[in-house]
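Here it is in structure tokens:
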């Protein structure tokens with residue numbers, strides 16, 4: 162027993178030394194990246210939490226390190242729930258995002274159904290559909306700013322087709338401005354929804370689809386009974402990603418309308434921007450930013466939990 166134990170000891174010792182050496186090499190390789198992560202993520206987060214508990218602004222003439230002189234505990238967080246302009250901006254944002262995401266889902270799902278089957282020139286059409294997603298949002302904003310001018314291509318095309326003069330000022334009218342911003346958003350981000358849903362549809366086992374067809378099921382029945390139930394998590398993830406991203410709508414809207422006319426297209430991101438660089442209320446904005454990040458994180462966690470539950474409920478081998 163003792164000799165056998167002694168025979169194993171050198172091997173275990175060498176293995177332990179090897180593991181230690183591997184860990185040291187791992188720390189050596191990942192150390193710089195982790196240090197950079199601490200600097201660009203953890204440190205700003207700590208500063209944001211610290212400033213959010215004060216009433217400090219740059220107008221006080223003191224650096225943020227002296228913000229403790231205006232310590233106010235949770236006053237900024239309480240103010241969030243009494244900020245009428247904030248909730249108005251949030252309501253407008255949710256309205257615009259809901260319409261945009263609904264249109265993106267309808268168009269993306271329809272395109273995904275078409276691209277499940279192979280057809281001629283499929284790669285070319287696939288590339289063309291994905292191109293808007295590759296455009297920088299600021300560039301997309303300038304594109305649609307030009308398109309929706311009163312003398313722009315959209316009015317000219319409608320006038321030529323209808324045979325009547327059509328020259329509304331899209332971006333100076335509250336309802337039309339909202340429609341213009343939503344149109345730009347849908348144009349740019351429908352490809353993302355299409356890509357996610359197409360990946361989900363292509364993961365549906367072909368043998369189940371073929372078996373359903375042999376049993377006499379039509380395409381609509383296959384879609385309702387087989388395809389959609391199997392990609393519910395994919396649909397939830399696609400919608401969740403777009404909802405979270407939509408709440409950050411800024412670039413396109415800022416370039417096209419600056420939040421106008423009036424505050425018709427003032428989104429949550431633009432409201433925060435104005436409070437930050439217009440009013441210089443950095444402490445309040447810090448509290449507001451942390452609250453929004455927390456809310457979005459909860460939504461993301463709910464989506465992950467939904468995906469995990471769906472994975473546990475799926476039978477083995479499916």
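In this note's numbering, the protein residues as written are 162 to 479. The beta carbon of each residue, even a glycine, is placed where N, CA and C say it ideally should be. Keep in mind that this is a model prediction, so the values were computed, not measured.
| query | Which of the three DSSP states, helix, strand or coil, is assigned to residue 232? | reply | Strand, per DSSP.
| said: Whole angstroms are fine: how far does the CA of residue 365 sit from the CA of residue 214? | reply: One C-alpha to the other measures close to 50 angstroms.
| query | DSSP three-state call for residue 215: helix, strand or coil? | reply | Per DSSP, reduced to three states, the secondary structure at residue 215 is strand.
| request: Give the secondary structure of residue 466 by DSSP, where H, G and I count as helix, E and B as strand, and everything else as coil. | output: It is helical.
| task | Measure the C-alpha to C-alpha separation of residue 277 and residue 358 and round it to an integer number of angstroms. | result | Answer to the nearest angstrom: the Cα atoms are 10 angstroms apart.
| task | For residue 323, count neighbouring C-beta atoms within 10 Å of its own C-beta (all shown protein chains included) and say buried if the count is 16 or more, exposed if not. | result | Residue environment: residue 323 is assigned as exposed (fewer than 16 neighbouring CB atoms within 10 Å of its CB, all protein chains considered).
| task | Could you spell out the range, first to last residue, of the alpha helix (DSSP H) harbouring residue 203? | result | Where residue 203 is concerned, there is no enclosing alpha helix (DSSP H), given that its DSSP letter is neither H nor E.
| query | To the nearest angstrom, how far is it from the Cα of residue 279 to the Cα of residue 311? | reply | A direct Cα-Cα distance of roughly 42 angstroms separates residue 279 from residue 311.
| How should residue 379 be labelled, buried or exposed, when 16 other C-beta atoms within 10 angstroms of its C-beta is the threshold for buried? | Under this definition residue 379 is an exposed residue.
| Using the C-alpha atoms, what's the distance from residue 399 back to residue 209? | Roughly 30 angstroms between the two C-alpha positions.
| task | Over the uninterrupted alpha helix (DSSP H) stretch that includes residue 290, give me the two end residues. | result | Per DSSP, residue 290 is one residue of the alpha helix (DSSP H) stretching across 283-295.
| field | Chain-order list of residues whose beta-carbon lies under 7 angstroms from that of residue 354 (same chain, five-residue window excluded) | value | Same-chain partners within the cutoff: 265, 266, 269, 399 and 403.
| task | May I ask you to report which of helix, strand or coil DSSP gives residue 379? | result | For residue 379, the secondary structure class from DSSP, reduced to helix, strand or coil, is coil.
| said: Within 8 angstroms, do at least three Cβ pairs link the segment 346-353 to the segment 281-296? | reply: Result yes; three or more Cβ-Cβ pairs closer than 8 angstroms.
| request: Output the boundary residues of the alpha helix (DSSP H) element that contains residue 252. | output: Counting along the chain, the alpha helix (DSSP H) containing residue 252 begins and ends at 245-277.
| With residue 341 and residue 309 assumed to form a contact (beta carbons below 8 angstroms), what rounded beta-carbon distance in angstroms separates them? | Under the criterion of beta carbons closer than 8 angstroms, residue 341 and residue 309 qualify as touching, at roughly 5 angstroms.
| field | Cβ neighbours of residue 250 in the same chain (closer than 7 angstroms, five flanking residues each side left out) | value | Contacts found: 427, 428, 429 and 432.
| Proximity of residue 448 and residue 315 at Cβ, strictly below 8 angstroms | Taking 8 angstroms as the cut-off, the beta carbon of residue 448 is found no closer than this to the beta carbon of residue 315.
| task | Look at residue 234 and residue 444 and say whether their C-beta atoms are less than 8 angstroms apart. | result | One thing to note: residue 234 has its Cβ no nearer than 8 angstroms to the Cβ of residue 444.
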